[in-house]
Structures are given as structure tokens and as C-alpha cells.
Amino acid sequence: MTRRLSLFNVTSLVFGFAFLYLPILLLVVYSFNASRLVTVWGGFSTQWYGALFRNEALMEAAWVTLRIALLSAGLSTVLGTLAALALTRYGRFLGRTLFTGMIYAPMVMPEVITGLSLLLFFVAIGLDRGFWTVALAHTTLTMCFVTVVVQSRLMTFDRSLEEAAMDLGAPPLRTFFAVTLPLIAPSIVAGFLLAFTLSLDDLVIASFNTGPGATTLPIKIYSQVRLGLSPEVNAASAILIGIVTLGVIVATVLTKRSAARAQRQSH
Amino acid sequence: MRRSFAPWADSSARPLIRFENITKRFGDAVAVDNLSLDIFEGEFFCLLGPSGCGKTTLMRMLAGFEQPTAGRITLGSADLAGVPPYRRPVNMMFQSYALFPHMNVEKNIAFGLKQDGLPRGEIASRVEEMLRLVQLERLAKRYPSQLSGGQRQRVALARALAKRPKLLLLDEPLGALDKKLREETQFELMDIQHELGMTFVVVTHDQEEAMTMADRIAVMDHGHLVQVATPGEIYEQPKTRFIAEFVGDVNILEGNVMGQENGLWRVATPSAQAPLTIDDPDEVLNSGQAVAIAVRPEKMLIQRDPPPANVPNVLTGEVWDIGYLGDWTVYRVKLASGAIVRVTRANASRFVENPIDWDEQVYVTFAPDAAVILAE
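Going line by line, the protein sequences match chains A and B. Quick note: the first sequence, position 21, residue 44 per the numbering used here, numbers continuous. Quick note: the second sequence, position 107, residue 127 per the numbering used here, numbers continuous.
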């Protein structure tokens, strides 16, 4: 049953969405501005997108960001899935509560603290700051999100499917790859996409742990804006917004589908 | 030809499965308590009992999903202790069917064969044979979500049969089907079992299902075996009041033993004016002992006219309820003592003149050998 929208509902909806998305919309609109002045509309143009692709420093930063995001999302997907399996499959093992708390800690920890403590750690073990330290830091940040997504799927997983596979002669490892993994794959992909987008737009943790030659796009944009707004930055941000939005939408659809499948299989 | 099949009566027969003093505890709860049981090759064996009686745990120990806390299970001559589920020559059909949702019917059935590393051609021909057996040839490419409940049940059966296990375990195989389909499938299962010559162990809480299909039934309660016998023996010679009440309908008349006359027991009961005469020579009873007399409703006769004086076991009362079931009519008769007995009568002819009506005074009788004495 769909409820009819009253005037009050429509107004609050418009204000709500405007509050959330108007600034972003403004940024995207101004990325198509023909004028060099960021705040004055001078007609429609795609010239800043062209300029962006010719700006080697920005493109280099984008390339670094992409590599870091892929690597850290890959790592955190593997680790996060393993953590989710441990939490759902091994019952009440010793230190489980502590383990759960530690996994979810990065979610609630202020990013400044996470960034700073990781920096101290990398300095302490003598790891030179750069590409790898940012990738590792992002893995720490994003792993918990993968765990949450995969764990919620595993909780509704029908264990008799695995028992059936073993009963038919498949040892545990083969059971995992032939039955468990294909069925939880959508949630793992969703977790990967979440981790990927989180890494893509992180500024705080990256700026603590970055070093020479590992300037990510958010850091680059931030430093450019400090020197003065440029329409190129608007264009770069608009593209970033596009990628992140796409990632989140795909992740949501996959999670929903995987939940629907879990329901079908259990009924 | 199945009539003469009774390996359990042959003392030289070696059982296929042997449970020896099996106990299974989950924390403080005892699911199976010091249970011993033999199951023979080619048997259609039913584990019957209310939920929580330990029957599923017993089956899961056979499949290898649970390990006994104490005792020994042997299959053929092999001790099953520590053998994981994927190395047992046993397959199971799950209550939820547990079909792999990401594989079509064909691939579901082929799954077990692939684990054995059979050549591709042989897998294909075996899958085809199984599809024919369960009459699903046309649905080979469908996914489980595209099948009806009955079709899923068949796929689950085909998948479990595909490896030709020595022993097939079926966990509530018909529980999710509607009544009509259930009855058909019962007979199909029996045919398939007979055709393949396999040993079937079925877990069920449905006594009708067990009675129809099984060669022998083991009735379980609270982790113990209460009686292991053929369906006929379970029904006609229940060992305890629990079994008499759990399997089929029964009237229980409580009373006290007065003594034995000419090999027949005399029992005084508040339900009848004269003492009852019961022909149950195997029981060993003492005078004054409290007993329960169990009489099946179809073994009682109901009539309007008083029976002759020499007829034993006469109960008097009035008709409280009449239920017309088509093939049977059920009369609920309220005795003078307040107890209610159920009497059923087959509707052998289409028209009955002047039938027994509600509130009528009636006489209910039963033969001395129609009743069983159950020590309390």
C-alpha cells in the first residue's frame, strides 16, 4: 500500500534531500562551468574535464588512489570474510567478545585516532611511509565493513546445505568452495565494493600515513583547494562522486538479492 | 515375497548397523541414553517418536554429523568412530531437502558422483537413470526455486540415491508434502527401496507413515527405545501405555487385577459393572496390581440391545458424539463412570435402518483377546 503524499510530506522530503544533496549537486553543476571563476556561472562547458585529463599531477593521484583502493579492498575482503566465518561458525571460542569488539572498533574510532596510531605504529616498526602504508591503513579501516556485510549473510545461511555436500562426499574445503562460497559471493562482492569506495574517498587516514610519491586524489584535491578553488577539482570530484555512488548502489542491490535468495532457500 | 523377510528373527543373521550402548549428551541434556539396536540389510526401518525423543540425533550419528558420547556404532564390519561424513557409505535425504540453490536439478544429482571422481560419461548416465527413477526427466535443467515441493522432494531423493549408498537415511522425508501426495510418495518410496534393495532408515514423528512403510519400527521416547517390532506387533501388542497411545487410537480402562481364571485375567474397573475378562497370557501380574486395559476403537462393538448374559466385557453408556467419516463412523460413548470411549464402525453398507442416534443408551462390548493389559 502506498501512502498518498500530503503537502507536508512533500515539503519535508524536498528540504531533506536538498539539505543532503544540494551542495553535491552544486559541485557537479559547477564542474560544467565555462567560467574560470568557481562561483560565477559562465555557461555550459566540458573543458575542465579535458583539462583534468591533461593535468598529470591529478591523473597521477587518481591512479595511485585507484591502486590503493583495489589492493586494500582486496585484502580487507579476504580478511573480513575470514573474520565473519570465525564469528558465525566457531561458536563461543575463548576471547570471542574481545575479537568482536576489536573487529568493529575501527568503525566507531575517530579517524584521526586511527590515522595517528597507525602512523606511530609504522614509524615504530620502521616501515617507510608511502603506497604500502596507506594501503595497509585502509585495509584496517575497511575490513570491519566487509565483516558486517558477510556476517549478516552467514547468519541466515542454511547449514544443512553444507552438511548435504559433506554427506555426498565433499571434504570441508571443497564444500566451502563448491557450496558456501558461491552462495555468499554476492555479499562478499558487496563488501568489496563498500571497502573500495571507503578507501577511494578517505582523506584523514591517508594524509597521516602517506609519504613521497603516494599522494591520493582526496589529498591532492584538498591541497589544491587550499591554494584556491579550481574548476578542474570540481570535475575530479564529480567523477569521484559518480564512482562512489555506483559502487554503493551495486553493493546495495547485491546485498538485497542475496538476502532474497537466503529467504527463498530457507522456505 | 516380502512376507518372509524377517532377518531380525534369525539369530545367525549379522546386522548391517549395530548400535552398542550409545549415549549422546549435549551439555547436561541426554539426547540418547545407553541405546542398543541392530538394523539388518534390506530393511525399511523407521525411527518413530515425538519431537525431542532423540530419533534425529540417532540418525545424525549414523550420518557422521554427531559423534556419540559413549558406545560404538558399526556398519558392516567397520567401526564408524571418528569417520567423517564424507567418508561414510551412507547418504541422507534432509528434512529441508537442502538442495543446492545455485545448481540445477541435474547438477544437484551429479554432485555426489563428481566427488567420487567418476568419469563424465558414467555420471551422465547415472544422473539420467536417477531422473527416470523419480520421473523428473523433463525438469533436469530447472533450478530448485523453480520446482514445487513434491518435485524438490524427488530431487533430494534422487541426489541421495545417486551414489547407491549401502544405507539411505531419510529425515522426515514426507513432512513437507500435503496429505494426498504424502500417501502416494509413501508407496513410491517403498517401491524404490524394494527395487534397489537398499537399507532405508527413516526418521518420522508420523505414526501412520511409519506403519505404512516400515518393516520394523523403533519407538523412541526420552532417548530410550521403548519397543522395536513390526508395525503389526506395535499396534496389536504395544508394550507400554505410551506406545498404545502414540500409535493409533486407543481406549484405556484403568483397573486392578483380581486374579487369573482358566488362563484369563479378571480385572475390576470402575468403567464396568462386572469385572473384565482379558486374554493376555504373556503378562505376569499380581493380584491387586493397578493396570491399564488398552482396547482399539475398531475392536469394540456398539449395540442398542442388551447383550446375552454370557457375553464378557460389557460397558454401558450413552452416545455423546457421532462423527461420520465416510468409510468409518466414530461413536464417542460416555460411560456411567464418566469416562469416554471411542468406538468405530465400518460403514459396510450404504443404508442403515434406524441407526444409533445421539443420547441413546448403548452397550459397548469387546472380546477378551481384543484387549491388551499394560502394567502401570
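Yeah, the Cβ is synthetic: ideal placement off N, Cα and C, and Gly gets one too.
How many whole angstroms separate the CB atoms of residue i and residue j, which I take to be in contact at a CB cut-off of 8 Å?
i      : j      : result
A/A96  : A/T165 : 7 Å
A/A218 : A/F168 : 6 Å
A/D190 : B/N111 : 6 Å
B/M233 : B/C66  : 7 Å
B/Q227 : B/G268 : 7 Å
A/I244 : A/A259 : 6 Å
B/A178 : B/I129 : 5 Å
B/E157 : B/L151 : 5 Å
B/E86  : B/T77  : 6 Å
B/V223 : B/D191 : 5 Å
A/L85  : A/L252 : The sequence given here has Ala at residue 85 of chain A, not Leu. Not quite, the Cβ-Cβ distance comes to about 19 Å (not below 8 Å), so this is no contact.
Buried or exposed, going by whether 16 or more other CB atoms sit within 10 Å of the CB of residue i?
i      : result
A/A92  : buried
A/P235 : exposed
B/F46  : exposed
A/M24  : In this predicted model, A/M24 has a pLDDT of only 49, less than 50, meaning its place in the structure is not dependable; the value taken from the coordinates is given anyway. Label assigned to A/M24: exposed.
B/D241 : buried
B/Q280 : exposed
B/R107 : exposed
A/M178 : exposed
B/Y117 : buried
A/F231 : buried
B/M113 : buried
A/P133 : exposed
A/T69  : exposed
A/M130 : exposed
B/D300 : buried
B/D397 : Limits of chain B in this structure are 21 at one end and 396 at the other, which puts residue 397 of chain B out of reach.
B/I254 : buried
A/L81  : buried
Can you list, in chain order, the residues of its chain with a C-beta nearer than 7 Å to that of residue i? Leave out the 5 residues immediately preceding and following it.
i      : result
B/K354 : G337, E338, W340, I360
B/P35  : D58, I59, F60
A/A237 : V87, G153, F154, V157
A/T111 : Q174, L177, M178
B/F262 : D241, V246
B/A13  : Because chain B here runs from 21 to 396, residue 13 of chain B falls outside it and cannot be looked at.
B/V277 : W285, V287, L305, N306, S307, G308, Q309, V311
B/Q206 : L194, E229, T232, M233
So what's residue i in DSSP terms, helix, strand or just coil?
i      : result
A/T275 : helix
B/E338 : strand
B/Y106 : helix
B/T385 : strand
B/Q309 : coil
B/T349 : strand
A/T268 : helix
B/K134 : helix
B/E40  : strand
A/W86  : helix
A/F55  : coil
B/G96  : coil
B/F46  : strand
B/M123 : coil
A/G251 : coil
A/G73  : helix
B/E373 : coil
B/M320 : coil
A/F67  : strand
B/R365 : strand
B/A292 : coil
Can you give me the Cβ contacts of residue i inside the same chain, cut-off strictly under 6 Å, excluding the 5 residues immediately before and after it?
i      : result
B/T364 : P317, E318, W348, V350
B/M21  : With a pLDDT of only 44 at B/M21, under 50, the local geometry of the prediction cannot be trusted, and the value read off the model is given with reservation. Nothing listed; no residue qualifies.
A/F67  : F55
A/T275 : none
B/L399 : Because chain B in this structure spans residues 21 to 396, residue 399 of chain B falls outside the shown range and cannot be described.
B/V248 : A238
B/R38  : D58, T94
B/V147 : E126, I129, A130
By Cβ distance below 8 Å, which residues in the same chain neighbour residue i in space, the five residues on each side in sequence not counted?
i      : result
A/V267 : T220, L223, D224
B/T43  : V50, V52, D53, N54, L55, P88, T89, A90, G91
B/I313 : I272, L273, E274, G275, V287, T289, L296, I298, A391, V392, I393, L394
What do you reckon, is the C-beta of residue i under 6 Å from a heavy atom of the ligand MN?
i      : result
B/P327 : Questions concerning the ligand MN fall outside what the structure shown contains, since it holds no ligand whatsoever.
For chain E, check one thing: does any of its Cβ atoms lie closer than 7 Å to the Cβ of residue i?
i      : result
A/D225 : As a matter of chain content, chain E is missing from the structure shown, whose protein chains are A and B.
Threshold first: 4 residues or longer. Then list the alpha helix (DSSP H) segments lying entirely within the stretch 182-225 of chain B, N to C.
199-216
Complete alpha helix (DSSP H) runs within the stretch 62-91 of chain B (minimum length 4 residues, chain order):
With a minimum length of 4 residues, the continuous alpha helix (DSSP H) runs that stay inside the stretch 62-91 of chain B are 75-83.
Counting only runs of 4+ residues fully inside the stretch 167-243 of chain A, write out the alpha helix (DSSP H) ranges in chain order.
182-190, 195-198, 204-223, 227-232
Where in the stretch 112-177 of chain A do unbroken runs of the alpha helix (DSSP H), each at least 4 residues long, occur, reported from the N-terminal end onward?
119-131, 134-147
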